[in-house]
Amino acid sequence: MSFEKKAVVALGGNAITREFEEGDIYQQFANTRKSLLGVIEMVKLGYKLVLTHGNGPQVGNYLIRIEASRHLVPPLPLGVIVADLEGGMGYMISQSLSNKLYLRSIKRDVTAVLTQV
51 MSFEKKAVVA
61 LGGNAITREF
71 EEGDIYQQFA
81 NTRKSLLGVI
91 EMVKLGYKLV
101 LTHGNGPQVG
111 NYLIRIEASR
121 HLVPPLPLGV
131 IVADLEGGMG
141 YMISQSLSNK
151 LYLRSIKRDV
161 TAVLTQV
């Protein structure tokens, strides 16, 4: 009987938007790439992975944006904000991971899946 190595890796929202950083998209991509270094090592060891992520700091920043533009556009409900961020962060993680795998000539499919929480 053969056993596949499997693991779940969780990236906290603070791994992507760090305290005392502005939290712009360039910093988020850079922090995401740094956070994936250990993930790449696990892939090289043969693990099949599921990555999950938090989004606390990102939700806070989004709410500030909404409040600042309240007089220009209607606000969004929290559930839609979380889903929007989940999709965007899934894209950011998937793109960063795919690029790292490609640069190392590792062929693995990377997929982002949106879930309702």
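Going from the sequence shown to our numbering is simple: count from 1 and add 50. Every residue, glycine too, gets a C-beta built ideally from N, C-alpha and C.
Boundaries (first-last residue) of the beta strand (DSSP E) holding K56
Per DSSP, the continuous beta strand (DSSP E) segment holding K56 begins and ends at K56 to L61.
Per the DSSP calculation, L101 is bridged to which residue(s)?
DSSP lists V59 as the bridge partner or partners of L101.
Residues of its chain near Q229, where Cβ-Cβ distance is below 7 Å and the 5 sequence neighbours each way are ignored:
With the chain covering 51 to 167 only, the question about residue 229 has no answer from this structure.
State whether the segment 83 to 90 contacts the segment 148 to 159, with contact taken as three or more CB pairs (one from each stretch) at a distance under 8 Å.
yes
Member of K84, Y76, R83 and L101 whose CA lies at the smallest distance from the CA of V160
L101
Tell me whether the segment 118 to 129 and the segment 51 to 60 touch, counting them as touching only if at least three CB pairs, one residue from each stretch, are closer than 8 Å.
no
Best match in A57, P124 and G63 for proximity to N111 [C-alpha to C-alpha]:
If you compare the alpha carbons of A57, P124 and G63 with that of N111, the shortest gap goes to G63.
Per-residue burial, G137 [other beta carbons within 10 Å of its own, 16 or more giving buried]
exposed
CA-to-CA distance, V59 to K98, given in whole angstroms
11 Å
Status (buried if at least 16 other CB within 10 Å, exposed otherwise) for H103
buried
So, using beta-carbon positions, are L86 and S146 closer together than 8 Å?
Yes, Cβ-Cβ distance for L86 and S146 is below 8 Å.
Inspect the beta-carbon positions of P107 and I116 and report whether they are closer than 8 Å.
no
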